[in-house]
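Colleague: Heads up: the sequence shown runs through residues 65 to 668, numbered per this note's numbering.
All C-beta atoms, glycine included, are put in the ideal place defined by N, C-alpha and C.
These numbers come from a predicted model, not from an experiment.
Pasting a structure below so you can have a look.
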Amino acid sequence: MAGFVYLEVTGTLPIIPLIMKSQSDRQLLQRSFGYLRPYWKLEAGIYTTMLLINLINITVPQLIRWGIDSGIYKGKLNLLGQAAGLLLTLTLVKGIFIFYQGQWTETASQNVAYDLRNQLLQKLSALSFSFHDHTEAGQILTRAMQDVERLRFLTGRAILRLVEGGALILLTAVVLLWMNSTLALLILLTVPLLLHRAYHFGRQYRPLSFDIQNQLGVLTTQLEQNLRGARIVKGFAQEKAEINRFLHENETWFGLSAQSARVEALNAPMLDMIANFGTVFIFWYGGWLVVQGQLTLGELVAFTTYLAMLVRPIRLIGRIVPILAIAASAGERIFAILDAPVDVADEPQARPLPRLQGYVQFEKVSFTYRHTQPVLRDVSFSARPGQVIALMGATGSGKSTLINLIARFYEPSEGRILIDGRDIRQTTLYSLRHQIGFVMQDTLLFAATIRENITFGRPEATEAEIIQAAKDAQAHDFIMAMSAGYDTTVGERGITLSGGQKQRLAIARALITDPRILILDDATASVDNKTERLIQAALNRLMAGRTTFVIAHRMSTVQRADLILLLDHGCIIGRGTHADLLASSPLYRQIYALQVQPEEAYEL
């Protein structure tokens, strides 16, 4: 059905391929209409009612002509009454058709928006961290909401009105030529001028609309960052600077929008002026034909009515052209996400991992982010089940990258990673990540209840399991002290909780999944010494039988590790136990000397 719609448009209104600046733009629109294919029955109903409505529109002036010439002019009131009755009947029938057409059109276009947003979320979930590292959240939000809404309007009322107008122009032109070819040709001479004007306007408006949409994404990003970082902005007294920064971007958007408004404001009166030429032709030449007896008064009134009908869809072209231009830009931005390559995905031969034992091996692993220097170089080590592996090193040494590779958030540039002897690239992502528990360095909680945050990775967990996980993470007491206990709703990103509370909820969230591999990215950095000791005691019990990777600031945590990996510029420059490294590594001895006090932290 989508193919039918596109052919119908290009067949009845050549303006569509003309206003698109290239074949790629037409392909974008054609791809957008492809989302209507599952709803072809609705589309069939929409365009059937459109045809019937147009036939009624074409019939009405003929009834008016008949009523004037055969009823009023000849004094036959019965014929006038019949004409009026038929007009009333056609008006009622047309109203019914318009009702169903509007309902079906909105249903089909809303389904398009529904499908597009679902696809966008699925694709964004599938894209690896490398995509999100280089994409602003504001741009994604703008594309998922405003750009999708523009495509929804295009595939709904906009394209319907364009096809409807094209069909009405064609039918009206045929009837006018049948009634009086000379007068009709004078009127129809304005159509090429209108189409040319619409084409010129489309070429001007297309790049402007793209720039406006991109700038709106910039504004959305800035607003989102200011809302998310409100405490930092206020803490550094940078409200004025942020307002000025937003003002600058807003002025850029305003300038583009004002330029767009000027282009559109110039286009509308020019279309009206060209369209009104037809009225002059009818008034002058049509009136002369009536005086000469070559045209009846009813036919002149019918011509005037047809002209009004003709002008409406032609003017509509001028309104639809910017919508097409905007939709092409919106489609380009949406499909850029949908077509983005997925760097990390299940291989065709990937198989689910069975219950893991937790044996992890890195074999000559190197990794490089896009257009940067290598972050890891030739890293090799083995971790046996139940071992605690501590990662140490300065900022940028590759610690976080190493643990991200274990979960396949990124793919190694070279080498391979094995878990229980199987290359993780040959396993399904779900079976791998489902058996890894995470407590990330930047603790993220969702704007939901505490219970929902704890059970995020395992929604089916029982109440007893939830409470036990919270107790093991030393979170149960502060949860019960809250007004609604486990049903307390935390603010966005957990803003209503302290850093230590958020960290303990994150630990509970990881523990409730009973992972075979545990990744603690600075898991105790946001708690005081007393809470750290309580959490560490719980972790010691829960680490039994699990392979645990720890990035920790505190030397007390590192000393208990079975294996310490000391990283520098992406390379392992030291490995062993605490005692081994004290004996063999000058850098490790220097770190230890700076952190002999438990409360002191090594800046990683």
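Assuming R181 and F399 form a contact by the criterion Cβ under 8 Å, report the distance between their Cβ atoms to the nearest whole angstrom.
Modeller: In fact, because the Cβ distance is near 14 Å, the residues do not count as touching under 8 Å.
Colleague: Just reading off the beta strand (DSSP E) that Q425 is part of, what are its end residues?
Modeller: Q425 -> beta strand (DSSP E) spans V424 to T432.
Colleague: Considering only DSSP beta bridges, list what E107 is partnered with.
Modeller: Per DSSP, none; premise fails for E107.
Colleague: Does DSSP classify L524 as helix, strand or coil?
Modeller: Going by the sequence as given, residue 524 is Glu instead of Leu. Coil.
Colleague: What span of residues does the beta strand (DSSP E) with L482 cover, start to end?
Modeller: Per DSSP, L482 belongs to the beta strand (DSSP E) from E478 to I483.
Colleague: Could you check where the alpha helix (DSSP H) with F473 kicks off and where it finishes?
Modeller: Segment: none, F473 is in no alpha helix (DSSP H) and carries neither H nor E.
Colleague: With H, G and I counted as helix, E and B as strand and the rest as coil, what does DSSP make of S562?
Modeller: Coil, per DSSP.
Colleague: Starting from the C-beta of Q87, find all residues in its chain whose C-beta is less than 6 Å away, skip the five residues before and the five after it, and write them out in chain order.
Modeller: Because the pLDDT of Q87 is 40, which lies under 50, any placement of that residue in the model is unreliable, and the question is left without a value.
Colleague: Measure the Cβ-Cβ separation of R515 and Y550 and say whether it is below 9 Å.
Modeller: Yes, the pair counts as a contact, with Cβ atoms nearer than the cut-off.
Colleague: When the Cα atoms are used, what is the spatial distance from Q661 to R486?
Modeller: For Q661, the pLDDT reaches just 42, beneath the cut-off of 50, and the residue's location in the model is therefore unreliable, leaving the point undetermined.
Colleague: Nearest-angstrom Cα distance between M373 and F161?
Modeller: Taking the straight line joining both Cα atoms gives about 18 Å.
Colleague: Which same chain residues, not among the five before or five after R653, have their C-beta less than 7 Å away from its C-beta?
Modeller: Excluding positions up to five away in sequence, the list reads L646.
Colleague: Would you say R573 and L420 are within 9 Å of each other, going by their C-beta atoms?
Modeller: For R573 and L420, no; Cβs fall outside 9 Å.
Colleague: If you check the beta carbons only, do C635 and D442 fall under 9 Å apart?
Modeller: Yes.
Colleague: On a CA-only basis, which of W104, A322 and L253 is nearest I338? Give me that one, please.
Modeller: If we check each option's Cα against that of I338, L253 comes out closest.
Colleague: Checking 9 Å against the spacing of the C-beta atoms, do V131 and L143 come in under that value?
Modeller: It is worth fixing the name first, because residue 131 is Gly in this sequence and not Val. Their beta carbons are under 9 Å apart, which means G131 touches L143 by this criterion.
Colleague: Just to check my reading of the structure: L582 and M546 have Cβ atoms closer than 8 Å, yes? What is that Cβ distance to the nearest angstrom?
Modeller: 27 Å between Cβ atoms; not a contact.
Colleague: For E524, count the other beta carbons within 10 Å of its own beta carbon; 16 or more makes it buried, fewer makes it exposed. Which is it?
Modeller: Burial call: exposed.
Colleague: Give the single residue among L224, R221 and V327 whose Cα lies nearest to the Cα of H264.
Modeller: The candidate whose alpha carbon is nearest that of H264 is V327.
Colleague: When you compare each of T169, G159 and I128 to Q146 by their alpha carbons, which one comes out closest?
Modeller: That would be I128, whose Cα lies nearest to the Cα of Q146.
Colleague: Within 8 Å, do at least three Cβ pairs link the region 203-211 to the region 309-326?
Modeller: The region 309-326 is not in contact with the region 203-211.
Colleague: Name the two residues that bound the continuous beta strand (DSSP E) containing I500.
Modeller: I500 -> beta strand (DSSP E) spans I500 to V503.
Colleague: Rounded to the nearest angstrom, what separates T368 and T360 at their Cα positions?
Modeller: Taking the straight line from one Cα to the other gives about 12 Å.
Colleague: Quick one: give me the first and last residue of the beta strand (DSSP E) that M209 is part of.
Modeller: Counting along the chain, M209 falls outside any beta strand (DSSP E), and DSSP gives it neither H nor E.
Colleague: From the DSSP output, in three-state form, read off F399 for me.
Modeller: In this structure, F399 counts as helix in the three-state DSSP scheme.
Colleague: Just to confirm the assignment, what range does the alpha helix (DSSP H) spanning P650 have?
Modeller: P650 -> alpha helix (DSSP H) spans P650 to L658.
Colleague: What does the alpha-carbon distance come out to for the pair A665 and I655?
Modeller: Note that A665 has pLDDT 41, beneath the 50 cutoff, so the model's placement of it is unreliable and no number is given.
Colleague: Give me the Cα-Cα distance between P650 and D644, rounded to the nearest whole angstrom.
Modeller: C-alpha separation (whole angstroms): 11 Å.
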